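Peer 1:
Number of protein chains: 2
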Amino acid sequence: MTRYQHLADLLAQRIEAGLYQSGERLPSVRTLSDEHSVSISTVQQAYHLLEDRQLITPQPRSGYYVTPRKHTPPAPAISRPAQRPVEITQWGCVLDRLNEEPDSDAIPFGSGSPDMCQSTMAPLWKAMTRLMQAQDSRVLNYDPVYGSLALREQVARLAIDSGCHLNPADIIITHGCHEALMVAIRAACQEGDIVAVESPAFHGIMQKLRGSKIKVIEIPTDSSTGISVEALKLALEQWPIKAVMLVPNCNNPLGFIMPEQRKRELLSLAQCYDIAIIEDDVYGDLAFEYPRPITIKSLDTDGRVLLCSSFSKTVAPGLRVGWIAPGRYFDRVVYMKYTGTGASASHPQLAIAEFIKSGGYQTHLRRMRKYYQQNLEKFTCRVREYFPCGICVSRPQGGFMMWIELPEHFDSVRLSLELSEAKVQFVIGSLFSASGKYRNCLRLNYGLPYSDKVDQALRKLAKAVECAMLECQMQIAEENRQAHANR
Amino acid sequence: MTRYQHLADLLAQRIEAGLYQSGERLPSVRTLSDEHSVSISTVQQAYHLLEDRQLITPQPRSGYYVTPRKHTPPAPAISRPAQRPVEITQWGCVLDRLNEEPDSDAIPFGSGSPDMCQSTMAPLWKAMTRLMQAQDSRVLNYDPVYGSLALREQVARLAIDSGCHLNPADIIITHGCHEALMVAIRAACQEGDIVAVESPAFHGIMQKLRGSKIKVIEIPTDSSTGISVEALKLALEQWPIKAVMLVPNCNNPLGFIMPEQRKRELLSLAQCYDIAIIEDDVYGDLAFEYPRPITIKSLDTDGRVLLCSSFSKTVAPGLRVGWIAPGRYFDRVVYMKYTGTGASASHPQLAIAEFIKSGGYQTHLRRMRKYYQQNLEKFTCRVREYFPCGICVSRPQGGFMMWIELPEHFDSVRLSLELSEAKVQFVIGSLFSASGKYRNCLRLNYGLPYSDKVDQALRKLAKAVECAMLECQMQIAEENRQAHANR
Ligand SMILES: Cc1ncc(COP(=O)(O)O)c(C=O)c1O
Ligand SMILES: Cc1ncc(COP(=O)(O)O)c(C=O)c1O
Numbered sequence: 001m002t003r004y005q006h007l008a009d010l011l012a013q014r015i016e017a018g019l020y021q022s023g024e025r026l027p028s029v030r031t032l033s034d035e036h037s038v039s040i041s042t043v044q045q046a047y048h049l050l051e052d053r054q055l056i057t058p059q060p061r062s063g064y065y066v067t068p069r070k071h072t073p074p075a076p077a078i079s080r081p082a083q084r085p086v087e088i089t090q091w092g093c094v095l096d097r098l099n100e101e102p103d104s105d106a107i108p109f110g111s112g113s114p115d116m117c118q119s120t121m122a123p124l125w126k127a128m129t130r131l132m133q134a135q136d137s138r139v140l141n142y143d144p145v146y147g148s149l150a151l152r153e154q155v156a157r158l159a160i161d162s163g164c165h166l167n168p169a170d171i172i173i174t175h176g177c178h179e180a181l182m183v184a185i186r187a188a189c190q191e192g193d194i195v196a197v198e199s200p201a202f203h204g205i206m207q208k209l210r211g212s213k214i215k216v217i218e219i220p221t222d223s224s225t226g227i228s229v230e231a232l233k234l235a236l237e238q239w240p241i242k243a244v245m246l247v248p249n250c251n252n253p254l255g256f257i258m259p260e261q262r263k264r265e266l267l268s269l270a271q272c273y274d275i276a277i278i279e280d281d282v283y284g285d286l287a288f289e290y291p292r293p294i295t296i297k298s299l300d301t302d303g304r305v306l307l308c309s310s311f312s313k314t315v316a317p318g319l320r321v322g323w324i325a326p327g328r329y330f331d332r333v334v335y336m337k338y339t340g341t342g343a344s345a346s347h348p349q350l351a352i353a354e355f356i357k358s359g360g361y362q363t364h365l366r367r368m369r370k371y372y373q374q375n376l377e378k379f380t381c382r383v384r385e386y387f388p389c390g391i392c393v394s395r396p397q398g399g400f401m402m403w404i405e406l407p408e409h410f411d412s413v414r415l416s417l418e419l420s421e422a423k424v425q426f427v428i429g430s431l432f433s434a435s436g437k438y439r440n441c442l443r444l445n446y447g448l449p450y451s452d453k454v455d456q457a458l459r460k461l462a463k464a465v466e467c468a469m470l471e472c473q474m475q476i477a478e479e480n481r482q483a484h485a486n487r
Numbered sequence: 488m489t490r491y492q493h494l495a496d497l498l499a500q501r502i503e504a505g506l507y508q509s510g511e512r513l514p515s516v517r518t519l520s521d522e523h524s525v526s527i528s529t530v531q532q533a534y535h536l537l538e539d540r541q542l543i544t545p546q547p548r549s550g551y552y553v554t555p556r557k558h559t560p561p562a563p564a565i566s567r568p569a570q571r572p573v574e575i576t577q578w579g580c581v582l583d584r585l586n587e588e589p590d591s592d593a594i595p596f597g598s599g600s601p602d603m604c605q606s607t608m609a610p611l612w613k614a615m616t617r618l619m620q621a622q623d624s625r626v627l628n629y630d631p632v633y634g635s636l637a638l639r640e641q642v643a644r645l646a647i648d649s650g651c652h653l654n655p656a657d658i659i660i661t662h663g664c665h666e667a668l669m670v671a672i673r674a675a676c677q678e679g680d681i682v683a684v685e686s687p688a689f690h691g692i693m694q695k696l697r698g699s700k701i702k703v704i705e706i707p708t709d710s711s712t713g714i715s716v717e718a719l720k721l722a723l724e725q726w727p728i729k730a731v732m733l734v735p736n737c738n739n740p741l742g743f744i745m746p747e748q749r750k751r752e753l754l755s756l757a758q759c760y761d762i763a764i765i766e767d768d769v770y771g772d773l774a775f776e777y778p779r780p781i782t783i784k785s786l787d788t789d790g791r792v793l794l795c796s797s798f799s800k801t802v803a804p805g806l807r808v809g810w811i812a813p814g815r816y817f818d819r820v821v822y823m824k825y826t827g828t829g830a831s832a833s834h835p836q837l838a839i840a841e842f843i844k845s846g847g848y849q850t851h852l853r854r855m856r857k858y859y860q861q862n863l864e865k866f867t868c869r870v871r872e873y874f875p876c877g878i879c880v881s882r883p884q885g886g887f888m889m890w891i892e893l894p895e896h897f898d899s900v901r902l903s904l905e906l907s908e909a910k911v912q913f914v915i916g917s918l919f920s921a922s923g924k925y926r927n928c929l930r931l932n933y934g935l936p937y938s939d940k941v942d943q944a945l946r947k948l949a950k951a952v953e954c955a956m957l958e959c960q961m962q963i964a965e966e967n968r969q970a971h972a973n974r
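As structure tokens, then:
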């Protein structure tokens with residue numbers, strides 16, 4: 001670290017600690033140069049750096065002042081989607097996303113992948129290599145359609161942590177959580193049905209429903225406690241809803257964990273209206289709190305919960321190992337699994353079973369929970385620092401997804417095009433609505449290792465948001481002016 | 488090899504070569520003992536062995552005679568399924584098959600797996616191990632939904648051998664041929680449609696149609712030339728058929744290769760009635776003839792053929808790497824693939840791409856073609872030798888599946904239960920019909936390395952068939968008698 005960077009950090013800490021208060025004038029360049037025995041130019045460089053970081057602001061002919069301290073942006077308010085079943089649109093933008101050329105220069109805030117560079121992955125690599133070196137014949141052969149027993153045993157063991165008592169025979173291994181969700185839908189629903197979802201909701205879930213010719217009704221969802229059980233009740237009273245599909249733990253995109261009481265209420269409601277619950281717990285093991293939150297499945301008494309998960313977010317998505325515990329839908333799920341893809345690949349199942357059995361998975365989880373929580377702190381700080389006022393930011397309680405809500409008229413699609421040229425990628429909010437709501441929102445992956453490049457990308461993003469917000473305001477003002485003039 | 492085995496083989500060769508003719512008396516034990524300078528007991532042992540192999544028959548007090556030579560059993564006649572759309576049943580027996588406990592002691596004539604023990608697999612193991620040792624990060628990450636470009640390039644290259652000119656961009660990698668077939672159905676058909684299939688037809692295809700709520704019409708199929716184009720035409724005239732699904736090269740279960748002229752006729756018919764063709768070429772590279780037969784896809788001019796395949800039969804099913812070239816259905820197939828399973832696993836794709844690129848795949852194919860052809864000869868000989876008269880046996884032109892048709896009233900389900908206790912597994916014929924026809928048929932995998940154990944299992948099977956046939960005949964006679972008595 002250079003001398004001026006060191007000085008800048010020291011000053012930043014003092015500002016953070018409140019030794020220099022918001023709006024206060026900072027010592028002159030000469031004073032600091034004397035105090036720290038460094039050259040005038042070193043102090044000037046340090047001040048420039050802090051200015052770049054927007055911690056201080058220069059006033060012509062008067063010196064530097066602590067930038068008025070920004071408050072933490074509020075969390076998004078509860079969502080208010082239209083309360084009627086709709087056809088899902090938005091496939092076009094999902095496809096655009098799938099078609100994005102992989103670009104190793106770009107900063108992928110839009111990525112759905114976890115960080116996979118931690119040393120705690122080593123035992124998994126070892127297990128994978130060992131199976132290959134041993135030329136284990138199971139690698140080549142058809143697995144049972146239910147998946148490998150070795151893995152199902154380990155999944156049953158893990159499920160205890162989320163309060164679930166499952167037998168290996170209750171579990172079917174799938175090709176990622178994607179397949180688990182799809183077979184769940186096909187087992188519990190039919191063409192023409194209506195399914196309730198969170199709002200915003202994971203676009204993968206909605207596209208699966210669309211592909212199955214099912215309509216959705218988006219239910220108001222609180223950014224820190226999840227789907228509104230009251231609103232769901234109203235919807236159930238009004239519409240013949242067949243199932244509710246949700247991500248109650250470390251939600252994608254909002255990051256909330258549904259409080260246990262709400263989970264109970266939701267289950268009671270489902271029992272009362274006799275609907276299925278398709279529960280996606282793909283991020284559940286990454287909750288910051290320990291022990292991890294329970295699943296709704298753990299409360300289930302009559303087999304109406306189809307619990308779907310995978311090792312894509314906790315370990316690595318490229319292995320495509322997921323699972324489903326489908327309760328009373330077991331037979332139909334086996335059928336859908338068989339007809340959809342036949343057996344699953346053996347090698348990654350055996351490797352993950354080994355990884356869990358040896359304790360490597362749990363060690364890795366401990367590392368990742370901490371890593372994501374620390375990264376979240378960094379990101380939240382920087383977002384507060386770099387982004388303009390007037391935004392809302394979710395408060396994730398696990399996983400690695402952050403949701404930013406910009407003012408109502410903001411167009412994240414335009415922003416996305418603009419920034420993809422600057423090699424900054426994120427996910428536009430409208431993917432997370434059946435009907436194209438949330439165009440004013442973005443989802444960021446805060447699990448990226450926080451490097452200088454990442455920091456610069458976040459700044460670029462913040463800057464572009466600021467410009468776009470200004471433009472947007474001006475446009476609205478202009479429209480108002482014209483409307484006024486035309487009156 | 489012991490002395491008596493050697494002698495037995497020598498005598499068997501002479502019989503085979505016609506030096507000792509069918510029904511002829513063989514030299515006495517003493518004569519042979521003198522001629523070959525071996526002990527009396529050696530000759531006796533040799534004769535016992537040949538007797539066991541049913542090549543010779545003892546006549547009390549008269550010596551040994553060459554067993555009257557059996558004729559090659561005829562190929563099954565063209566099938567005659569009901570010519571109307573039916574709901575598919577038979578899921579129960581498919582499920583039973585999926586639930587069969589793997590039993591390493593049993594002889595798996597029912598297996599759908601290729602032989603994977605040949606040394607030509609070594610380069611694949613190497614490629615797989617290398618990727619793991621290098622900790623190639625692509626192994627862990629999400630692949631593009633279309634699959635890895637490296638593999639799509641190689642698949643496009645291979646397709647040239649079947650007369651197809653494909654671009655990598657025309658191909659989508661899938662989770663085995665199972666997924667390819669399923670996305671093809673979901674892209675080209677809807678609930679309530681009617682699809683024409685071969686009869687007998689691969690049960691996986693029919694279950695996928697059932698799962699998609701599609702009815703099938705089984706079309707008469709010739710055991711050596713495939714689906715009857717004339718019969719299909721009649722069906723098309725009568726019913727609103729949406730697509731035809733077939734395995735024209737090295738058919739499962741019949742083993743035929745549809746002649747090129749028929750393929751052309753089928754395509755013209757499809758064009759004329761504007762239906763889609765879902766072509767399953769999963770065994771196509773294993774045709775005994777070289778160069779391999781063309782696909783119908785190679786004749787396609789307007790994108791109506793969805794070509795499905797995988798490396799499950801040519802390389803190893805446990806890797807779950809398949810592909811589809813869906814022609815004009817490309818966009819819908821991408822959608823179905825995305826919603827069904829998301830991306831495919833990277834590692835096996837990269838390994839197979841490498842295997843093909845380095846020439847290893849082609850070397851392996853050459854070996855396997857020869858191996859299966861030689862095995863087929865052995866199996867055919869033994870089946871002729873061991874099985875009773877009155878059966879029909881298919882004449883496979885590639886792949887490793889053999890179809891045996893027993894007399895009409897034969898019950899292969901009972902036989903299967905009986906033999907599973909004796910640790911001999913095969914597939915019952917009724918799986919291959921929508922409506923439970925072919926209960927009198929069996930499918931055998933003749934790709935198993937021909938060991939003594941396999942030979943014994945084949946004998947047991949033949950013996951059990953013989954007994955059951957006798958019983959069956961007696962029962963019919965008894966029924967006739969009673970019917971007569973009651974008249
Ligand atoms: C909530 C949620 N469910 C399911 C998935 C898909 O998981 P997989 O990669 O295991 O198919 C994702 C990943 O994007 C996700 O965010
Ligand atoms: C004709 C046919 N198509 C498809 C399949 C399934 O292939 P995969 O294992 O690649 O899914 C099989 C295997 O049983 C088959 O025989």
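Chains as they are written, first to last, in the working numbering: chain A, 1 to 487; chain B, 488 to 974.
Cβ atoms here follow ideal geometry from the backbone N, Cα and C, with glycine treated the same way.
Please read these numbers as outputs of a predicted model, since none were measured by experiment.
Using 8 Å as the limit for Cβ to Cβ distance, is residue 695(B) near chain A?
Peer 2: Walking along the second sequence from the start, residue 695(B) turns up at place 208. By this cut-off, residue 695(B) is an interface position.
Peer 1: Please list, in chain order, the residues of the stretch 832–847 of chain B that have any C-beta partner in chain A closer than 8 Å.
Peer 2: Answer set for the stretch 832–847 of chain B: 832, 833, 834, 835.
Peer 1: Which residue's Cα is closest to the Cα of residue 578(B): 27(A), 336(A), 147(A)?
Peer 2: As a first step, residue 578(B) is located in the second sequence; it is residue number 91 there, counting from the start. Checked all of 27(A), 336(A), 147(A); the closest Cα to residue 578(B) is 336(A).
Peer 1: Run through the DSSP bridge pairs and tell me what residue 226(A) is partnered with.
Peer 2: For the purposes of this step, residue 226(A) is identified with residue 226 of the first sequence, where counting begins at 1. In DSSP, residue 226(A) forms a bridge with 222(A).
Peer 1: Go ahead and pull the three-state DSSP assignment for residue 196(A).
Peer 2: Numbered from its first residue, the first sequence carries residue 196(A) at position 196. Three-state result, residue 196(A): strand.
Peer 1: Quick check: the stretch 669–686 of chain B against the stretch 699–708 of chain B, are there 3 or more CB pairs under 8 Å?
Peer 2: Enough Cβ pairs lie closer than 8 Å, so yes.
Peer 1: Would you grab the beta carbon distance between residue 435(B) and residue 774(B) for me? Rounded to a whole angstrom, and I think it's under 8 Å.
Peer 2: Nothing in the structure corresponds to residue 435(B), since chain B is present only between 488 and 974.
Peer 1: Looking at the structure shown, is residue 317(A) part of a helix, part of a strand, or coil, going by DSSP?
Peer 2: As a first step, residue 317(A) is located in the first sequence; it is residue number 317 there, counting from the start. In the structure shown, residue 317(A) sits in a helix (DSSP, three-state: H, G or I).
Peer 1: Put residue 699(B) into one of helix, strand or coil per three-state DSSP.
Peer 2: As a position in the second sequence, residue 699(B) is number 212, starting the count at 1. Coil, per DSSP.
Peer 1: Does the Cβ of residue 504(B) have 16 or more other Cβ atoms within 10 Å, making it buried, or fewer, making it exposed?
Peer 2: Residue mapping note: residue 504(B) aligns to position 17 of the second sequence, counting from 1. Exposed: under 16 other Cβ atoms inside 10 Å.
Peer 1: Counting contacts by CB-CB distance shorter than 8 Å, is residue 507(B) in contact with chain A?
Peer 2: Start at 1 with the first residue of the second sequence, and residue 507(B) comes out as number 20. False, the Cβ-Cβ gap to chain A never drops below 8 Å.
Peer 1: On the DSSP bridge assignment, give the partners of residue 185(A) in chain order.
Peer 2: Here the question's residue 185(A) lines up with position 185 in the first sequence. Beta-bridge pairing links residue 185(A) to no other residue.
Peer 1: Quick check: the Cα distance between residue 647(B) and residue 655(B), rounded to an integer number of angstroms?
Peer 2: Taking the second sequence and counting its residues from 1, the one referred to as residue 647(B) is at position 160. Taking the second sequence and counting its residues from 1, the one referred to as residue 655(B) is at position 168. Residue 647(B) and residue 655(B): Cα-Cα distance of roughly 12 Å.
Peer 1: Are there 16 or more other CB atoms within 10 angstroms of the CB of residue 277(A), so buried, or fewer, so exposed?
Peer 2: The residue you call residue 277(A) lines up with position 277 of the first sequence. Under this definition residue 277(A) is a buried residue.
Peer 1: Out of 844(B), 537(B), 767(B), point me to the one whose CA is closest to residue 636(B)'s CA.
Peer 2: What you label residue 636(B) is simply residue 149 of the second sequence in a count that begins at 1. It is 844(B).
Peer 1: At a Cβ threshold of 8 Å, is residue 578(B) touching chain A?
Peer 2: Here residue 578(B) refers to the residue found at position 91 when the second sequence is read from its first residue. Yes, because at least one Cβ of chain A sits closer than 8 Å to the Cβ of residue 578(B).
Peer 1: Quick check on residue 888(B): does DSSP put it in helix, strand or coil?
Peer 2: One-based indexing of the second sequence puts residue 888(B) at position 401. Three-state DSSP puts residue 888(B) in a strand.
Peer 1: May I ask you to list, following chain order, the residues of the stretch 134–150 of chain A that have a beta carbon less than 9 Å from some beta carbon of chain B?
Peer 2: Hits within the stretch, in order: 135, 137, 138, 139, 140, 141, 142, 143, 144, 145, 146.
Peer 1: What residue range does the beta strand (DSSP E) around residue 364(A) cover?
Peer 2: As a first step, residue 364(A) must be located in the first sequence, where it is residue number 364. That residue, residue 364(A), is in no beta strand (DSSP E); its alpha helix (DSSP H) goes 360–386.
Peer 1: Just reading off the beta strand (DSSP E) that residue 419(A) is part of, what are its end residues?
Peer 2: Counting from one through the first sequence, the residue named residue 419(A) turns up at place 419. That residue, residue 419(A), is in no beta strand (DSSP E); its alpha helix (DSSP H) goes 412–421.
Peer 1: Note down, in chain order, all residues in the stretch 819–833 of chain B with a beta-carbon under 8 Å from any beta-carbon belonging to chain A.
Peer 2: Per Cβ criterion, the list reads 821, 822, 823, 825, 826, 827, 828, 829, 830, 831, 832, 833.
Peer 1: Cα separation between residue 640(B) and residue 455(A)?
Peer 2: On the second sequence, residue 640(B) is found 153 positions in, with the first residue counted as 1. On the first sequence, residue 455(A) is found 455 positions in, with the first residue counted as 1. Looking at the two C-alpha atoms, the distance is approximately 38 Å.
Peer 1: Can you tell me whether residue 738(B) is helix, strand or coil according to DSSP?
Peer 2: As a working mapping, residue 738(B) is identified with position 251 in the second sequence. DSSP places residue 738(B) in coil when its eight states are reduced to three.
Peer 1: State the start and end residues of the unbroken beta strand (DSSP E) segment that holds residue 245(A).
Peer 2: Looking up residue 245(A) in the first sequence gives position 245. Its beta strand (DSSP E) spans residues 241–246.
Peer 1: Answer yes or no: do residue 805(B) and residue 143(A) have a C-beta to C-beta separation smaller than 8 Å?
Peer 2: Along the second sequence, read from residue 1 onward, the residue named residue 805(B) stands at position 318. Along the first sequence, read from residue 1 onward, the residue named residue 143(A) stands at position 143. Contact: yes.
Peer 1: For a contact defined as C-beta to C-beta under 7 Å, what are the partners of residue 175(A) on chain B?
Peer 2: Sequence index remark: in the first sequence, residue 175(A) carries index 175 (1-based). Here the neighbours are 662, 828.
Peer 1: Going by the CB atoms, is the gap between residue 685(B) and residue 734(B) shorter than 8 Å?
Peer 2: Here the question's residue 734(B) lines up with position 247 in the second sequence. Here the question's residue 685(B) lines up with position 198 in the second sequence. Yes. Within cutoff.
Peer 1: Answer yes or no: do residue 158(A) and residue 315(A) have a C-beta to C-beta separation smaller than 8 Å?
Peer 2: By one-based count along the first sequence, residue 158(A) stands at place 158. By one-based count along the first sequence, residue 315(A) stands at place 315. No; because the gap between Cβ atoms is not below 8 Å, this pair is not in contact.
Peer 1: Using the rule of at least 16 other Cβ atoms within 10 Å of the residue's Cβ for burial, across every protein chain shown, is residue 488(A) buried or exposed?
Peer 2: With chain A running from 1 to 487 in the structure shown, residue 488(A) is simply not present.
Peer 1: Keeping to the same chain, check which residues put their C-beta closer than 7 Å to that of residue 618(B); ignore five residues upstream and five downstream.
Peer 2: Along the second sequence, one-based indexing puts residue 618(B) at 131. Cβ within range, chain order: 626, 834, 837, 838.
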